[in-house]
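Quick note: the sequence shown, position 5, residue 209 per this note's numbering, numbers continuous. We treat Cβ as the ideally placed atom computed from N, Cα and C, and that holds for glycine. Read the structure below first, then the notes.
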Amino acid sequence: MTEITLQDNQAALILTANGDDIEVDISHEGHVSLAAGLCEVLAIKLLESEEFRQELLVKLQENIEEDQVS
205 MTEITLQDNQ AALILTANGD DIEVDISHEG HVSLAAGLCE VLAIKLLESE EFRQELLVKL
265 QENIEEDQVS
């Protein structure tokens with residue numbers, strides 16, 4: 205995993221996959237910007253779609269399998 209250092213005006217959206225569950229969080233330094241909050245809300249709304257959630261889980265599994273081969 206690559207470590208990223210965030211600046212005061214940056215935020216990162218973090219999606220954590222645990223089995224069939226996907227958690228959404230924001231990592232930030234300093235205050236949470238409007239853009240970061242908007243990204244979190246959009247991610248949560250997208251994940252409410254079962255079709256999108258399943259597509260994302262399949263893609264995550266493919267990436268995990270590719271990493272294990274490399």
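Exercise. Can we say the region 211–221 touches the region 238–249, given the rule of at least three CB pairs closer than 8 Å?
Worked result: Yes, the region 211–221 touches the region 238–249.
Exercise. Are residue 247 and residue 228 close, meaning C-beta to C-beta below 7 Å?
Worked result: Translated into positions along the sequence shown, residue 247 becomes position 43. Translated into positions along the sequence shown, residue 228 becomes position 24. With respect to residue 228, residue 247 sits close: the two C-beta atoms are nearer than 7 Å.
Exercise. Name the DSSP beta bridge partners of residue 228, please?
Worked result: Position 24 of the sequence shown holds residue 228. Partner(s): 219.
Exercise. So, helix, strand or coil for residue 258, using DSSP?
Worked result: Counting from one through the sequence shown, the residue named residue 258 turns up at place 54. Residue 258 falls in the helix class under three-state DSSP.
For this session: Give the straight-line distance between the Cα atoms of residue 256 and residue 212, rounded to the nearest whole angstrom.
Result: On the sequence shown, residue 256 is found 52 positions in, with the first residue counted as 1. On the sequence shown, residue 212 is found 8 positions in, with the first residue counted as 1. Each residue's Cα considered, the two are about 31 Å apart.
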